[in-house]
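Q: Dropping a structure here in structure tokens format, bear with me for questions.
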Amino acid sequence: MNTDLHYASIDTLHDLYRHRKISVLEVVQHFIDRIKTYNEQLNAVITIVEDDSIARAVEADSALRTGAVDDKPLLGIPITVKDSIPTKGIRTTQNSRTKGDWIPETEPLPIKHLREAGAIIIAKANCNEYFGIPSTDDRFLPPRTPFNPNYVAIGSSSGSGVAMAAGLGVASIGTDSAGSVRLPAAQAGVFGLKATNGFYEEGVSARHSTFSVIGPLTRTTRDAALITSIMANQQPLSVSDEGVSGLKIGVPWQYINTSPVEDEVKAAFEQLLALLDDAGAILIDIDIPGLAEARMATFVAMYTEHHAAHAASLRQHLDNYGQSARLYAMQGAFISAADYLHAMELGRRVRLSVDKTLEVVDTIAMPTSPFVTAEAARKPSEHRAGMNTVFTVAFNMTGHPAMTVPAGVSALGIPIGVQFASRHFEEQLLLRVSHFVEHATPWKDLHPTL
Amino acid sequence: MIPSSDISISEEEFQRLAKIMFPEADQDTLARLYVMVSDLRELSRAVSEIAQRDDELSITAIRM
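Residue numbers (the working numbering), protein chains in the order written: chain A, 1 to 450; chain B, 1 to 64.
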């Protein structure tokens, strides 16, 4: 089997299918075998969907033979889905003992659209239990990054990131409430898109927060565009190859320089900015008032909403929550309605501030994660909770779309990402920048040795 | 009713409220929860203060 298959894009696989170089069944079996080989050491997935995947692969091969593929832009594409997302007929645990072996009878529309388009869910990806911090009492142990298994993977879509880094599927679907698609995608060396809040017809569930947006982790910009469009049930987003010449890229240096960003993260960021500058982009030093406040306000509001979603469940079976998830779900009980409304009002002011900035520049660039590892983000003596989201979370509160692109590698061998944000519903501008970076740098081809 | 974050809650008051809301929680859980809630309410107090005044928003990172 060609090892390039592990890291194939949707276009590559479809080309192989069209020319009868390989069957869908062979590809699905390849990825399932690979998951079985590496999951014990990586904890990337919780449930392998073997029988259903094989059956769907056989159906896809039949459709390919008869040419019934027109309305199936994802025909035969094996994907993983974060286990916090309900999947019809497939066990969904949310990595929590509170869920038992729940098999949902319905699933959110974005997942339904993916399956209707021909995508095959081969596994449910591991994740942090309900926003908690990974710990040894988790129902399923935390994933480890294949680039350096001494370190746990950044979450909360941690299994999705590991599945992508280790070549355990063509794409993965995660959720992003504070950076939980972008941060693991950055650490995995892949692309991750949080679309504009409200971009999709439906969120993951009514119990998910105001700030949570479903989103793909992908190997290419085109894959991100295609999957995002399909999940939103709309015409494909185009990926422009016109480059970045003349594009105004705002860099909030003062905010970045006062954040606890690691030196090698900053170096990778500066290197990518230099590349964009050489390509004709116009770099502008900007101030965006309110990014810091947005982080604080989001956590106040998010934990309040999180408690509201879990209040009844906590009363019924408190002991079924892992220690970390339990505390995270309980703390929001001690925030008042007035506090919540103040947080949301502050978020509205920050949104106006970001809107104003985006009247001057086309996109805002920042590192994706200030830290290379999840472990570095947890130093309470140096900074408070949530500092690992210092560059990502504001856009969950303000609703602006944001995308991470691979931009470097750390001394630990773990990839580094850079994030771009744009005006509401201007995902195509992010895809244009991403496409340029994808083809101007080698980072998307960085893979771990397993 | 939970008082808004500009009203401080002593650990004793917190324990009383927490026991009403989470009667099955053990002492270790409540002790850890108190630390987290104290941090979150401090964060919330700062957020509420900023939200209620017309001061300019910050252009630097805040490590709170």
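Where a beta carbon is used, it is the ideal one built from N, C-alpha and C, also for glycine.
As the structure is a computational prediction, the values presented were derived from the model and not from experiment.
7 Å is my cut-off, CB to CB: does Y17/A come that close to chain B?
A: Chain B contact via Cβ: absent.
Q: Could you tell me which chain B residues have their CB closer than 8 Å to the CB of Y255/A, listed as they occur along the chain?
A: The answer, in chain order, is I59, T60 and A61.
Q: Sorted by chain position, which residues of the same chain lie with C-beta nearer than 8 Å to L57/B's C-beta, five sequence neighbours on each side aside?
A: Cβ within range, chain order: I50.
Q: Could you list which residues in chain B have their beta carbon closer than 8 Å to that of E293/A, in chain order?
A: Simply V47, I50, L57, S58 and I62.
Q: Of the residues that make up the stretch 2–27 of chain B, which ones have a beta carbon closer than 7 Å to any beta carbon in chain A?
A: The stretch 2–27 of chain B vs chain A, Cβ under 7 Å: I2, P3, S4, S5, M21, F22, E24 and A25.
Q: Can you pull the chain B residues whose beta carbon is under 7 Å from the beta carbon of R468/A, in chain order?
A: The question about residue 468/A has no answer, for chain A in this structure spans 1 to 450.
Q: Does the beta carbon of V35/B sit closer than 7 Å to a beta carbon anywhere in chain A?
A: By this cut-off, V35/B is not an interface position.
Q: Say whether chain A places a C-beta atom closer than 7 Å to the C-beta of L43/B.
A: Taking Cβ atoms only, chain A reaches closer than 7 Å to L43/B, which makes this a yes.
Q: Is the separation between the beta-carbon of H6/A and that of G167/A shorter than 7 Å?
A: Yes, they are a contact pair.
Q: State the start and end residues of the unbroken alpha helix (DSSP H) segment that holds V418/A.
A: Taken as a continuous stretch (DSSP letters only), V418/A belongs to no alpha helix (DSSP H), being part of the beta strand (DSSP E) at P415 to A421.
Q: Give the secondary structure of G174/A by DSSP, where H, G and I count as helix, E and B as strand, and everything else as coil.
A: In the structure shown, G174/A sits in a strand (DSSP, three-state: E or B).
Q: Whose Cβ in chain B lies nearer than 8 Å to the Cβ of I335/A?
A: Correct list: I2, S5, L40, R41 and S44.
Q: Give the single residue among L42/A, A63/A, N39/A and V45/A whose Cα lies nearest to the Cα of R20/A.
A: Taking only the C-alpha atoms, the option nearest R20/A is A63/A.
Q: Would you kindly work out how many angstroms separate the C-alpha atoms of H451/A and R182/A, rounded to a whole number?
A: Because chain A here runs from 1 to 450, residue 451/A falls outside it and cannot be looked at.
Q: Give every residue of the same chain whose Cβ lies closer than 8 Å to the Cβ of A440/A, excluding the five residues on either side of it in the sequence, and list them in chain order.
A: Closer than 8 Å at the Cβ level, and outside the excluded window around A440/A, lie L275 and A279.
Q: Please list, in chain order, the chain B residues whose beta carbon lies closer than 8 Å to that of R326/A.
A: The answer, in chain order, is T29.
Q: Can you tell me the Cβ-Cβ gap for E129/A and S180/A, rounded? I've got them flagged as a contact below 8 Å.
A: With 8 Å as the limit, E129/A and S180/A do not qualify as a contact, their Cβ atoms being about 13 Å apart.
Q: Taking all protein chains shown into account, do 16 or more other C-beta atoms lie within 10 angstroms of the C-beta of S48/B, making it buried, or fewer, making it exposed?
A: With 16 or more other Cβ atoms within 10 Å, it is buried.
Q: Please report the Cβ distance between L283/A and I249/A, rounded to the nearest whole angstrom; I am assuming they are in contact, meaning their Cβ atoms lie under 8 Å.
A: Correct: roughly 5 Å between the Cβ atoms.
Q: Across which residues does DSSP place D285/A in a beta bridge pair?
A: V251/A, per the DSSP bridge assignment.
Q: Using the Cβ count rule (16 or more neighbours within 10 Å means buried), how would you classify D379/A?
A: Residue 379/A is actually Lys in this sequence, not Asp. Burial call: exposed.
Q: Can you check which of these residues, I288/A, G332/A and A325/A, is closest to A394/A by C-alpha distance?
A: It is I288/A.
Q: At least one CB of chain B closer than 7 Å to the CB of A338/A: is that the case?
A: For A338/A, the answer is yes, since a Cβ of chain B falls inside 7 Å of its Cβ.
Q: When the Cα atoms are used, what is the spatial distance from V437/A to E427/A?
A: Each residue's alpha carbon lies about 15 Å from the other.
Q: Rounded to whole angstroms, what's the CA-CA distance from T373/A to I32/A? Just pull it up for me.
A: Distance between the alpha carbons of T373/A and I32/A is about 28 Å.
Q: Suppose the cutoff is 7 Å on Cβ atoms and the five residues either side in sequence are ignored; what does the same chain contact list for M1/A look like?
A: Any reading at M1/A is ruled out, since the residue's pLDDT is 47, under 50, leaving its predicted position unreliable.
Q: Measuring alpha carbon to alpha carbon, tell me which of A343/A, L16/A and P260/A ends up nearest A294/A.
A: Considering only alpha carbons, the answer is A343/A.
Q: Considering T37/A, what are the terminal residues of the alpha helix (DSSP H) in which it resides?
A: That run of the alpha helix (DSSP H) goes V24 to L42.
Q: Given a cut-off of 7 Å on the beta-carbon distance, is the pair M366/A and Q419/A in contact?
A: Yes. Within cutoff.
Q: State the CB to CB distance for the pair M403/A and L193/A, rounded to an integer number of angstroms; the pair is presumed to be in contact (CB under 8 Å).
A: That pair is a contact at about 5 Å.
Q: Along the chain, where does the beta strand (DSSP E) that runs through G347/A open and close?
A: Per DSSP, G347/A belongs to no beta strand (DSSP E); it is in the alpha helix (DSSP H), A337 to T357.
Q: Could you give the distance in angstroms between the alpha-carbon of R349/A and the alpha-carbon of M164/A?
A: C-alpha separation (whole angstroms): 36 Å.
Q: Can you name the residues of chain B whose CB is closer than 9 Å to the CB of M296/A?
A: The answer, in chain order, is L43, S44, A46, V47, I50, I62 and M64.
Q: Going by C-alpha to C-alpha distance, which of R34/A, N39/A and R65/A sits closest to V491/A?
A: Chain A is shown from 1 up to 450; residue 491/A falls before or after that span and cannot be answered.
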